[in-house]
Amino acid sequence: MTHRKRLIQATTVLLYMGPLLAGLAGFGAAYLPPFVALFMLWLVMLRPHKWPQRFGEWLTLRAGLAALTLLCSQILFVALLFGVGRGIGGVLGYVPLFNPLLPVALSLVALPLLRMAWVPELALVTGETIDQLLWSDEAGAGRPRPVPASAEAAVSELFALAEDGATAAGVMLEQLGDFLDTGDIWSRLAALTAALNACPASQHVALRTAVILKATEPFPHSDYTVPGEMRTAFAAAGTSEELLSLLSLRGRALLHRIPAMAQYFPPAGMAEDLAGACEGSAAARALRDLAAALAAAGAPAQASGRASETARSKPAAARPVTPGFVPPVAGARQA
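Shown next as structure tokens:
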């Protein structure tokens, strides 16, 4: 969480440096529109919950007034930054000469860097706000976290928190990170997968959603050094069509961004089998799209070895949703 805060703070500096440098170089009012547009887009990305998510909603009076208020405030703010920059130049008696596109480029680079630390689409799903990220109390962050005696005990604590219906997926996402960081990740993933398979897919929805979100999040890349995490995500989806749709859509987006991740997914045939179990639903279509993306990325068509024979020996309705495509590891067997 700390590195995300620092990255957001750094991108904010880049955003503000653009109009300051433009004012320092003595550029005129013609440079206001691009900076105003960038600042408005920045604020919409930071707080997506406050803005319409469909085109029709932007046509309402309330949305129009909010956009107009934002436009006026950002025009004034950018003009103020221009004035501060010009004032600094006047005090120093120095007007730098550089490419007129440099200030705009600095502010423009801040937007993709912001998305590396803050993804608006994910914030909408988890319910997390930028204020929670930036102003959360981290007074105890330096203290060591208690490590439960075993993976099973840690899973019990995680499930106890998930049983509270008021617990949001964003909270469970943070707790899930602590769960995986405070012990042997292999045994914990194995224990969590077994526990998710053992209970109905309608229970612990916040935890199941958090598992899927974490397994399919493309940043940082280091999260994907653990193949079993994707296996646990399929266990979390269970037979829930809503969760299967979420997993398939996010999994397909992940493959589009990082095709090498196909090796951690189940075989394309396994996704087709899951689609057949929920035929006629949106989940079936999403699963078939995922299967096509896996095939395009070079994933095997069917599971190999004993896992494949086990999958074929059971009817689709009774087949466990945890694909046997990841070989058991020593740490997991010991759990």
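The opening residue of the sequence shown carries number -3 in the working numbering; numbering runs sequentially from there. Using N, Cα and C, we set each Cβ at its ideal position, and we do this for glycine too.
A distance below 8 Å between beta-carbons, with the five flanking residues on each side excluded, links M41 to the following residues of its chain, in chain order: L107, L110, R111, W114, P116. Assignment of R50 by DSSP, reduced to helix, strand and coil, places it in the coil class.
No Cβ-Cβ contact shorter than 7 Å links A256 with A202.
Shortest Cα-Cα distance from L169 to any of G19, Y27, L209 involves L209. Approximately 4 Å separates the beta-carbon atoms of A18 and P99; this is inside 8 Å, confirming the contact. Spanning the alpha carbons of W182 and W54 requires a straight line of approximately 47 Å. Around the beta-carbon of F51, fewer than 16 other beta-carbon atoms lie within 10 Å, marking it exposed. Taking C-beta atoms under 8 Å as the contact rule, A186 and R204 fail to qualify, at a distance of about 17 Å. When the beta-carbon positions are compared, L66 and M36 come within less than 7 Å of each other. Check the Cα spacing between F261 and each of R248, L239, L20: the tightest is with R248. In this structure, DSSP gives S69 a helical state, which the three-state scheme calls helix.
The beta carbon of D285 sits closer than 7 Å to those of S244, R248, all from its chain and outside the five residues before and after it, given in chain order.
Between the alpha carbons of A206 and T(-2) lies a gap of roughly 20 Å. Between A282 and S241 the beta-carbon gap is near 5 Å, inside 8 Å, which marks them as a contact. Secondary structure note for L209: its alpha helix (DSSP H) is the uninterrupted segment 201 to 211. In the structure shown, the three-state DSSP call for N193 is helix.
Here S103 is buried, its C-beta having at least 16 other C-beta atoms within 10 Å. A distance of 7 Å or more separates the beta carbons of P15 and V87.
Across the structure, A279 and A258 are spaced so that their CA atoms are roughly 20 Å apart.
G79 counts as exposed, since fewer than 16 other C-beta atoms from the protein chains shown sit within 10 angstroms of its C-beta. In the structure shown, G86 adopts helical secondary structure according to DSSP, grouped into three states. Here A59 really is in contact with P48; their C-beta atoms are around 5 Å apart, less than 8 Å.
Distance between A119 and R253, taken at the CA atoms: about 19 Å.
A straight line joining the alpha-carbon of D180 with that of A147 spans about 8 Å.
Per DSSP, the unbroken alpha helix (DSSP H) holding T8 starts and ends at -2 to 20. For Y90, the number of other beta carbons within 10 angstroms of its own is below 16, and it is reported as exposed. Between L250 and P296, the C-beta spacing is not below 7 Å.
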